[in-house]
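A.B. asks: Residue numbers (this note's numbering), protein chains in the order written: chain A, 1 to 145; chain B, 1 to 145.
Cβ coordinates follow ideal geometry from the N, Cα and C atoms, glycine included.
Since this is a predicted model, take the numbers as computed values, not measurements.
The structure follows.
There are 2 protein chains.
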Amino acid sequence: MNISRAAELSGVSAKMIRHYESAGLIPAAGRTAAGYRVYAMDDVHRLAFIRRARAVGFGTADIRQLLSLWQNRQRPARDVKRLAVEHLQQLQARIADLEAIADTLSHLIGHCQGDERPDCPILDSLAADSPAPAATSTKRSKKAK
Amino acid sequence: MNISRAAELSGVSAKMIRHYESAGLIPAAGRTAAGYRVYAMDDVHRLAFIRRARAVGFGTADIRQLLSLWQNRQRPARDVKRLAVEHLQQLQARIADLEAIADTLSHLIGHCQGDERPDCPILDSLAADSPAPAATSTKRSKKAK
DNA sequence: GCTAAACCTTCCCATGATGGGAAGGTCAAG
DNA sequence: CTTGACCTTCCCATCATGGGAAGGTTTAGC
């Protein structure tokens, strides 16, 4: 089958199929005499695997490992789990960061009347809150006017 | 003062100061005869404002608007609040997405023993879960072998 | 057999914020 | 005058995805 059919069956766009090939996530596809890529169901399965891994947030490097673990029937489930747990922790860290930001913003919004008047605690806070993070001064910096 | 001093005082790296200039968030700095950028405290304040806005997740476009609202003493606080609320909603949407992913992953991890044996529900799930999203078939696709 | 549509190919560009690093000019202290 | 700490611009990379151009191929319809 050609690339658009493989895209249709796997749920991965033709554009991304080529991308995954160049990134080495899938083996280089066979070609027709005219240079068209040719796919079999095996490839479609692999692509769908990648799509699902992406859907739970795994990045290229993680997926590369997952694919190799998937291929290797001998691998211990522990390896897979470790990868997944690490990824989950990163996800949770990102969520915590975003929540902290959302809380801050939410707090600011709560203090803003949001009416016709120009008084706005949100802008005030952005304009003059924390001084400046750890000033890593450089050599000549004292002299700088 | 020169760019590295402005960076030190504002907490924005010299690299990013140049970037913000080219992005139009700050006016083009004045130059010495030799072409060095020259800054005053006004610029430092503006940069610090940008830094704090970035810290609560605002993107370039939002910051551009915030800066113009900040400059304009006549603006109604409502405009600022609206921008902030929209941004907060986007943040919350992203958080919800990540949480859904984290939940899915967490669920999979919970079902994986993670021992020496090769059985792994995580890989199984990636290998054969949802079929493929809405196949948008193209014209000739039926014929594709 | 010719034409036009629907494919395919590769290559470049853009996103968004940030940093790394190279090549080359400038300034101040010794 | 040398040296080191600056400054400048320009290119590249991240990460995954898509847009689009230029140009070749295949197939349906006549």
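Within the same chain, show all residues whose beta-carbon is closer than 7 Å to that of residue 65 (chain A), passing over the 5 residues directly before and after it, in chain order.
C.D. replies: If we look at residue 65 (chain A) and ignore the five residues flanking it on each side, its Cβ neighbours are 83.
A.B. asks: Taking Cβ-Cβ distances shorter than 8 Å, what residues in chain B pair up with residue 95 (chain A)?
C.D. replies: Going along chain B in sequence order, the residues near residue 95 (chain A) (Cβ under 8 Å) are 95, 98, 99 and 102.
A.B. asks: Along the segment 105-122 of chain B, what residues have a CB closer than 8 Å to any CB found in chain A?
C.D. replies: Answer in chain order: 105, 106, 108, 109, 112, 113, 114, 115, 116, 117, 118, 119, 120 and 122.
A.B. asks: Compare the Cα-Cα distances from residue 2 (chain B) to each of B:12, B:48, B:40 and B:99 and report the closest residue.
C.D. replies: Here the closest residue by C-alpha is B:40.
A.B. asks: Give the list of continuous alpha helix (DSSP H) stretches no shorter than 4 residues that lie fully inside the segment 40-126 of chain A.
C.D. replies: The segment 40-126 of chain A contains these whole alpha helix (DSSP H) runs: 41-55, 60-71 and 77-110.
A.B. asks: Drop a sphere of 10 angstroms on the beta-carbon of residue 126 (chain A), count the other beta-carbons inside from all chains shown, and report buried for 16 or more, exposed for fewer.
C.D. replies: Buried, since its Cβ has 16 or more Cβ neighbours within 10 Å.
A.B. asks: Could one say the Cβ of residue 126 (chain B) lies closer than 8 Å to chain A's Cβ atoms, at least one of them?
C.D. replies: Chain A contact via Cβ: present.
A.B. asks: Is the beta carbon of residue 31 (chain B) closer than 8 Å to that of residue 38 (chain B)?
C.D. replies: Yes, the Cβ-Cβ distance between residue 38 (chain B) and residue 31 (chain B) is below 8 Å.
A.B. asks: Step through the CB atoms of chain A and report whether any lies within less than 8 Å of the CB of residue 15 (chain B).
C.D. replies: Cβ-Cβ to chain A under 8 Å: no for residue 15 (chain B).
A.B. asks: Looking only at its chain, what residues have a beta carbon closer than 6 Å to the beta carbon of residue 12 (chain A), apart from the 5 residues adjacent to it on each side?
C.D. replies: Excluding positions up to five away in sequence, the list reads 47 and 51.
A.B. asks: Going by DSSP, what residue range makes up the alpha helix (DSSP H) through residue 4 (chain B)?
C.D. replies: Taken as a continuous stretch (DSSP letters only), the alpha helix (DSSP H) holding residue 4 (chain B) covers 3-10.
A.B. asks: Using Cβ-Cβ distances below 8 Å, what residues of the segment 64-80 of chain A are close to chain B?
C.D. replies: For the segment 64-80 of chain A, which is checked against every Cβ of chain B, the residues closer than 8 Å are 66, 69, 70, 73, 74, 75, 76, 77, 78 and 80.
A.B. asks: Return the residue from the list A:14, A:106, A:10 and A:55 that minimises the CA-CA distance to residue 43 (chain A).
C.D. replies: Answer by Cα proximity: A:10.
A.B. asks: Name the residue from B:102, B:100, B:104 and B:95 whose alpha carbon lies nearest to the alpha carbon of residue 100 (chain A).
C.D. replies: Closest option to residue 100 (chain A), Cα to Cα, is B:95.
A.B. asks: To the nearest angstrom, how far is the alpha carbon of residue 57 (chain A) from that of residue 92 (chain A)?
C.D. replies: Using only the alpha carbons, I get a separation of about 12 Å.
A.B. asks: Excluding sequence positions up to five away, which residues of its chain have a Cβ less than 7 Å from the Cβ of residue 69 (chain A)?
C.D. replies: Only 75, 79 and 80 meet the Cβ criterion.
A.B. asks: Judging by CA-CA distance, which residue of A:85, A:4 and A:102 is the nearest neighbour of residue 110 (chain B)?
C.D. replies: Minimum Cα distance to residue 110 (chain B) is reached at A:85.
A.B. asks: Residue 91 (chain B) versus chain A: which residues are under 8 Å apart at the beta carbon?
C.D. replies: The contacting residues are 98, 101, 102 and 105.
A.B. asks: Which stretch, first to last residue, makes up the alpha helix (DSSP H) that contains residue 17 (chain B)?
C.D. replies: Note, residue 17 (chain B): alpha helix (DSSP H), 14-23.
A.B. asks: Determine the burial state of residue 107 (chain A): buried for a count of at least 16 other Cβ atoms within 10 Å of its Cβ, exposed for fewer.
C.D. replies: Classification of residue 107 (chain A): exposed, given that the 10 Å Cβ count is below 16.
A.B. asks: Looking at residue 77 (chain B): is its Cβ nearer than 8 Å to the Cβ of residue 114 (chain A)?
C.D. replies: Yes. Within cutoff.
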